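Student: Sequential numbering of the sequence shown, starting at 1300, is according to the working numbering.
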Amino acid sequence: MDAATRKTALRLIPYGLYVITTKAGDSVSGATVNWVSQMSFEPPLLALGVKKDTKSFANIKAGGDLAISFLGSGQGALAFAFFGDTPFEGSEFVAKDLRVATEPSASGVPLLTDAPAWATLRVTDVVERGDHAVVVAEVTDVGLRAEAPQALTLKELNLNYGG
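1. Just the C-alpha distance for L1347 and V1426, rounded to the nearest angstrom, thanks.
2. Assuming W1417 and F1379 form a contact by the criterion Cβ under 8 angstroms, report the distance between their Cβ atoms to the nearest whole angstrom.
3. Taking the Cβ atom as the reference point for each residue, do R1428 and T1439 lie within a distance shorter than 7 angstroms?
4. Round the Cβ separation of A1366 and V1327 to the nearest angstrom and send it over; I've been treating them as touching at under 8 angstroms.
5. Report yes if the CB atom of T1320 is closer than 7 angstroms to the CB atom of I1359, and no otherwise.
6. Should A1445 and P1415 be called a contact, given that it needs their Cβ atoms to be closer than 7 angstroms?
7. Counting along the chain, where does the alpha helix (DSSP H) carrying R1305 start and finish?
8. Report yes if the CB atom of A1450 is closer than 7 angstroms to the CB atom of V1349, and no otherwise.
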């Protein structure tokens, strides 16, 4: 297979940008992800691609809690703040010069207060192949903070991640 052709073809898959937050004991992390898809209506399931060498994945593997914050168009700075694992201090994530406010979910995992929507998730399966694991998770609760905006996408930020 030609690597350049593969990269071009696979980058035709459109992706949104999301921030996952995880909590396992005292370990809290947040990271931007883009490989997310709804996989089932009943029960409501999401599949997420999570890089295996991250604190977020370590928390997931430890049986920790997981949430996803759905970012809206225009929230590129928020997405960039979570590229890589982002430190958590008190009730805020701290990335460079940006402090990101959170509120705890019922399970204690932080939810981004500036995100227009969120979901808490219960991990049901983890498939570890390649450099990212496929995490299958059941939606246990959801919330909307604003009318549903256009989703933030890689295309909006002129980025590619795939191939």
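Positions of the beta carbon are idealized from the N, C-alpha and C atoms, including for glycine. Keep in mind that this is a model prediction, so the values were computed, not measured.
Tutor: The relevant details are as follows:
1. 10 angstroms
2. With a Cβ gap of about 19 angstroms, W1417 and F1379 do not count as contacting.
3. no
4. About 11 angstroms; that fails the 8 angstroms criterion.
5. no
6. yes
7. A1302 to L1309
8. Contact: no.
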